[in-house]
Amino acid sequence: MLELKKKLASSLAEAAAKAFSENAPGEDEIAAMLEYPPDDTLGDIALPCFKLSKTLRQAPPKIASALAEASQGIPGFDRIAADGGDLNFKVSGEYLVLNVLKNAIDTGENYGKNDIGKGKTVVLDYASPNVAKPFHIGHLGTTVIGHSLKLIHQFSGYNCIGINHLGDWGTQFGKLICAFRLWGSREEIEKGGIDALVALYVKFHAEAEKDGTLNDRARAEFKKLEEHDEENTALWKWFIEISLREYEITFKQLGITFDSYNGESFYTDKMPEQIEKMREMNLLKIDDGASIVDLEEYGMPPCLILKKVGSTLYPTRDIAAAVYRKRTYNFDKCIYVTSAGQSLHFAQWFKVVELMGYDWYNELVHVPYGTVSINGEKLATRTGNVVLLRDLFAQAIEKVHAVIDEKNPGLENRDEVAEAVGVGAVVFHYLYNSRIKDINFVMESALSFDGATGPYAQYTYARTCSILGKADADMNAEAVITSPEEARLLLTVSKFPERVIQALNAYEPSMITRYIIELCTAFNRFYQACPIITAESKSVKNTRLQITKAAQNALGNALHLICLKTPEKI
Ligand code: ARG
């Protein structure tokens, strides 16, 4: 549709120049005004002419009819007509068959790709949990938005580097080492995983309230770790390993792999160079013993670089990491996906990078997202209202198992399908809303097979598989559109490549999720209205099978872009 819209805009600009001697709108202006009307009875594409009435100083209906007259015969359309103040265009069946249908069938898993990112590299920093801390529903956003953005960038031709910037450094490791020495056992932690580590951490805090020396001991342990003490280093590595083991289970369920696990500790030896540079450029100010970069001029609180005792901070590590990534990957964009709560942190250190004279500072992109509550309740680590991702997924999978047992007990790959549908339901539900919105997660709605849900979309995909499995279609035979539902479905298929580009530009996977529902709705209407296997003639049947294939390709590719799997049977 992108192509057709582009051609239409250029033809319309010509028509406008003919119809109006003064102030005729140009191609780009028209392209930006073209819309897909929600009700397609009058047309599939519309130009709302009220947008032109100011510059042309005429009433919208007059503009519409003048343009309609001047634009008759533009190829690709059956109907070009003024309806009130709108100029409407109905895409021809011939166009849909020759361009959309063929293309969507032939390109298969490449359908919808673009090459905007050809020759470019993008680094994506996402998931990035703090080691030895629970991996909870608050991390769902960074993990699935981040990975979906990686997939959308890959689909757009970018070379993508996914980095799990683990929070694996800081004084909390001193506390953990200290607590482990006092109360921990290897077996318990091997068995209990992160939960056992978190329990130690909690115990440390409780005990430190009573025993004032504990915090000093923890600081001393961290200092030893910083000085590469062998035993402490071994413990620290082991804590990371235990944590990763658990994260991996969740990542695997989501189909996520990373290109790098370089976490905060990796940048320890890369910070001095940057700190030195800040010092030489006179960017550092001493404030109550700490080194800061004053950002008052830019309306922000100062960016902390070094604590009073000389230890580095979160922003310091981010700055060193950005420089390292630029040198290592020569990125065109470096994307950070975190909750909106960290927006100030990113704005601050992006500014510092700019002040340091790095001319690539504007290639750094922060992609924030809103908060999640569960069944109306806000998460709070302190009150223990924490829902682990692992548990959330397990719960969803279990519920899907029950549905399968009831509806399709003989299903092959039962476990695999339950996992794909359960995990998919959670992800889909999450990615349905624009990312910046705060989300209330309701498991019942996520798992419903009706409405705008993952199970509904995956079920629709499985339906296309079942239809195509029942008949041998000739994908090369000539097709003829005979019903409005066929046209409507193909038109929806044709919008996919455009949606990918919109999602890419807005860093917004929800645009793909919404598109999936639009597509499934069009497919299910087509399925209700048009008999496929029992169609009235061989040629109608074959056309409908081809349309089903085209829809399947668009749907499958779209689902993969938001991290959902596509089981063939559910
Ligand atoms: N570990 C951090 C947290 O859990 C997120 C890290 C995001 N990435 C970054 N480069 N700062 O809040």
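Using our numbering, read the sequence shown as starting at 314 and increasing by one per residue. Just so you know, even glycine gets a beta-carbon here, dropped at the ideal spot from N, CA and C.
Candidates the options, of which the one nearest residue i by Cα
i    : options                : result
N643 : L453, P351, K433, L489 : K433
E348 : G576, D357, D341, K537 : D357
N789 : I860, E501, K783, Q485 : I860
C616 : T641, A322, L668       : L668
D582 : E539, A533, A417       : E539
G568 : G398, R630, F390, E732 : E732
A635 : L619, E610, F663, Q655 : F663
F571 : S578, Y580, Q371, Y560 : Y560
F754 : S686, A322, Q708, P880 : S686
Y840 : T795, M824, E849, R776 : R776
K415 : G506, P351, K862       : K862
D419 : A864, Y671, G505       : A864
S796 : L724, R558, E849       : E849
K565 : L803, G397, E729       : E729
T354 : I465, F762, E798, E831 : E798
Residue i beta carbon near ligand 1 (any heavy atom closer than 7 Å)
i    : result
G425 : no
G735 : no
S441 : yes
G480 : yes
D572 : no
T651 : yes
A445 : no
A634 : yes
D438 : yes
D601 : no
D728 : no
D631 : yes
Beta-carbon gap between residue i and residue j smaller than 8 Å
i    : j    : result
I490 : N545 : yes
V444 : G475 : no
A603 : K621 : yes
V740 : V457 : yes
L868 : T773 : yes
P614 : A653 : no
D438 : I717 : no
H449 : V700 : yes
Y324 : I376 : Looking at the sequence provided, one finds Ser at residue 324 rather than Tyr. Result no, Cβ atoms of S324 and I376 do not sit closer than 8 Å.
D399 : A359 : yes
M584 : A633 : yes
F486 : F535 : yes
G670 : K750 : no
F402 : L315 : no
A800 : L409 : yes
A547 : Y514 : no
V606 : L596 : yes
S656 : N746 : no
Y828 : L462 : no
Q771 : P628 : no
I555 : G483 : no
L760 : A709 : yes
Alpha-carbon to alpha-carbon, residue j and residue i
i    : j    : result
E500 : L510 : 12 Å
G576 : K516 : 26 Å
H460 : E407 : 38 Å
H679 : P722 : 46 Å
G689 : K882 : 34 Å
S498 : N477 : 28 Å
S624 : L453 : 31 Å
K318 : V435 : 29 Å
Y424 : Y611 : 45 Å
T455 : A332 : 51 Å
Ligand 3 heavy atom lying under 7 Å from the CB of residue i
i    : result
P880 : As for ligand 3, it is missing from this structure, which binds only ligand 1.
How do the region 517-533 and the region 465-473 stand: do at least 3 beta-carbon pairs fall below 8 Å, yes or no? Per the Cβ contact rule, the region 517-533 is not in contact with the region 465-473 (fewer than 3 Cβ pairs under 8 Å).
Meets three-Cβ-pair contact criterion under 8 Å: the region 846-853 and the region 802-819: no
I want to know whether the region 369-381 touches the region 322-335 - three or more CB-CB distances under 8 Å. Output reads yes: the region 322-335 touches the region 369-381.
Three or more C-beta pairs under 8 Å: does that hold for the region 832-849 against the region 774-789? yes
Counting Cβ pairs closer than 8 Å, one from the region 864-879 and one from the region 812-829, do we hit at least three? yes
Check whether the region 763-771 and the region 732-749 touch, using three or more Cβ-Cβ pairs below 8 Å as the test. yes
Are there three or more Cβ pairs, one per stretch, closer than 8 Å when the region 361-375 is compared with the region 333-349? yes
Any 3 or more C-beta pairs closer than 8 Å across the region 634-643 and the region 695-714: no
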